[in-house]
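The opening residue of the sequence shown carries number 36 in our numbering; numbering runs sequentially from there. For every residue, glycine included, the Cβ atom is placed at its ideal position computed from N, Cα and C. A quick note: this is a predicted structure, and the numbers were derived from the prediction, not measured.
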Amino acid sequence: MKTWKQLACGILAIVAYGFGATVLWAQESNEEKPKPAARVLLPLPDLSGNQQDDSENNQTMQPDRGPVAGVQSPTLGTSELRHSYWVPGIQYGITAQSNNFNSTGSTQNPAWTTTHYGSGNISLLEAWNHALFGTNYSGGGFFSSDTTQGNGQYHQLASAFQFDQRRWQFLVMEQFSYLPQTAFGFGGTTGLSVPGISGALSVALPGLQEVFAPGQSIYAATGPRYSNDSAVQWSYSVSRRGSFTVAAVYGFLRFTNPGNTNNDMEILNAGYTYALTRKDYIGAIYRFTAFHFPGNPEALGDHAAQFMYGRRITGRIALNLAGGPEITNFRFPVTGVNRTTSGSGIASLAYGFRATTVRLVYSHGVGSGGGFLSGSNNDQVIANLNRPLGRLWTSSLSFGFSRNSQLVTIKSLSSPSYNSYQISGGLTRPLGGGTNFSIGYQAQIQASNGIVCTAPGCQNNQTTHQIQMSFQWHAPPQVLR
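This is how it looks when you write it as structure tokens:
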């Protein structure tokens, strides 16, 4: 009960903050509109860093043409494209952290540690009449006063190619990261959290929904890890109202340290969508997921069938609701159980106020285990809010919650569960000359009734505080055509 009260309070705080934006803008109606906080595709704006041009907000917003039954996250749309370009840049970030999940509080690992990040960034956008290719990449190294983390390298990549014809659409997506810690909250609200260039020239790409990516939401899974997601999707309109969509996704999570759980996911997703109106959609989805855990003979075959409803209004709302039964088969029975039946679902909302964007996601179903379990029952909530504060500053709030528990409960034994929270807030502003500054705070909380670690001083319930700061600089955009 306490867990759900904390969860409800976190969501209410995000929503209240968003509605407060409309009041603030009513009081500042005489000021010029600032740049949108969301990552949008822009036609090479003035980069002097000391203006907030009304023309940006008056650009024609293009609708999100992704299939409602697809694997990509729904969006409010993108701004009209006028150029193809690429932008190189560099980035420096620093994180001060208390009570590292790897740390025991000894003199070798003091309670507060600092980690410095340095990287090169690049963003590229190539647009044709019926196709688009984009990529964002950040990569470099870090050094830390935390001896359990040490020094190393990190990389983040997001790439997408989309081809549109009158009746069909083809999409390829790739997301890769090599990070010294979990991606669930990495970088907070600063520029470290996403690959590529931040600010007006950032390249917005289709992204996978969270349910199609290997989870990393248990903080007890520590150390560097590789994560990769590859997706191919094809959608065909059989009529003016109906369309079929089929997609294949492959994802994996690999740790460099022992004691964690590696996993693979192979997913087949198929759906049919019917347009009730130009704004409202209904449909049905079938998804099969094969979970494998290298080094562990256990494997899972998961079937989910869902009915769905979607609503899209460009620039205002993107809503997806889906739910239905889920059947999970075990390669090797667990305490005599070789099959479980449950329910699965997802609710996703992106909403645009006059100058504020809000994104809320809730999902329930069988997951990969968060890097610590060999499969799990997973509930996850993600809430993000971005809004301007005056002419230059942009504020961001983020809340994440994930609960992972064993798929099969053993009688007479308590079933371990792992509740993870990440709460972050920050400010961003341009400094001029292609430079952006961001600062933020993040709390990461792990609450568990199961075994988390065996090191001296390690506790099942732990809170880590982080203060984060980053500077990004990018060169003038290089126009391709």
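As the crow flies, the alpha-carbon of A193 is around 19 Å from that of G153. With a minimum length of 3 residues, there is no unbroken run of beta strand (DSSP E) contained wholly in the stretch 225-266. Residue state for V372 is assigned as strand, using DSSP reduced to three classes. Here F506 carries a strand assignment [DSSP, helix/strand/coil]. Per the Cβ contact rule, the stretch 304-318 is not in contact with the stretch 422-429 (fewer than 3 Cβ pairs under 8 Å). Your pair P230 and F177 does not check out as a contact, with CB atoms roughly 15 Å apart and the cut at 8 Å.
Ranked by how close their Cα comes to the Cα of F407, the residues G294, Q191, T130 and G175 have G294 in first place. When the Cα atoms are used, I320 and S108 turn out to be separated by approximately 15 Å. Contact between I352 and Y386 holds: their C-beta atoms lie close to 5 Å from each other, under 8 Å. Of all C-beta pairs linking the stretch 237-256 to the stretch 396-406, three or more are shorter than 8 Å, placing the two stretches in contact. Between H151 and I129, the C-beta gap is smaller than 7 Å, which places the two residues in contact.
Taking M343 as reference, the option from G378, F211, A104 and Y285 with the minimal CA-CA separation is A104.
With contacts defined by Cβ atoms closer than 7 Å, I480 and G461 do not form a contacting pair. Annotation for E333: the continuous beta strand (DSSP E) segment containing it runs N331 to I348. For E115, the three-state secondary structure derived from DSSP is coil.
Contact annotation, A195 with L240: C-beta distance approximately 4 Å; criterion of less than 8 Å satisfied. Within the stretch 285-319, the complete beta strand (DSSP E) segments at least 3 residues long are 298-310, listed from N- to C-terminus. According to DSSP, residue pairing for H500 in a beta bridge involves A478.
In this structure, F205 is the residue among F205, I348 and S433 with its C-alpha nearest to the C-alpha of T280. DSSP places H190 in the uninterrupted beta strand (DSSP E) bounded by N186 to D199. It is roughly 14 Å from the alpha-carbon of N263 to the alpha-carbon of Y189. Note: T363 is bridge-paired with D337 and T375 in the DSSP secondary-structure output. The beta-bridge partner set that DSSP reports for H151 consists of I129 and F178. By the criterion of a C-beta distance shorter than 6 Å, E209 is surrounded in its chain by S194 and S265, once the five residues flanking it on both sides are discounted.
Exclusion of the five residues before and after V207 leaves F196 and V267 as the residues of its chain whose Cβ lies within less than 6 Å of its Cβ. Cβ-Cβ separation between V106 and S158: approximately 23 Å, too far for a contact (criterion under 8 Å). Counting only residues of its own chain and dropping the five nearest sequence neighbours on each side, N484 has a CB closer than 8 Å to the CB of S449, P451, S452 and N495.
Contact between T148 and D199 is absent: CB atoms are separated by about 48 Å, not below the 8 Å threshold. According to the DSSP secondary-structure assignment, V207 is paired through a beta bridge with F196 and V267. C-alpha of G380 to C-alpha of S270: approximately 22 Å in a straight line.
With at least 16 other beta carbons inside 10 angstroms of its own, W121 counts as buried. V372 is classed as exposed because its beta carbon has fewer than 16 other beta carbons within 10 Å across all chains shown. The beta carbon of D337 sits closer than 6 Å to the beta carbons of T324, T363 and V401 from its chain, once the five residues preceding and following it are set aside; these are given in chain order. Exclusion of the five residues before and after Y127 leaves G153 and F506 as the residues of its chain whose Cβ lies within less than 6 Å of its Cβ.
In this model, L420 and I253 are separated by some 23 Å (Cα to Cα). When beta bridges are read from the DSSP output, W121 appears opposite L159 and Q513.
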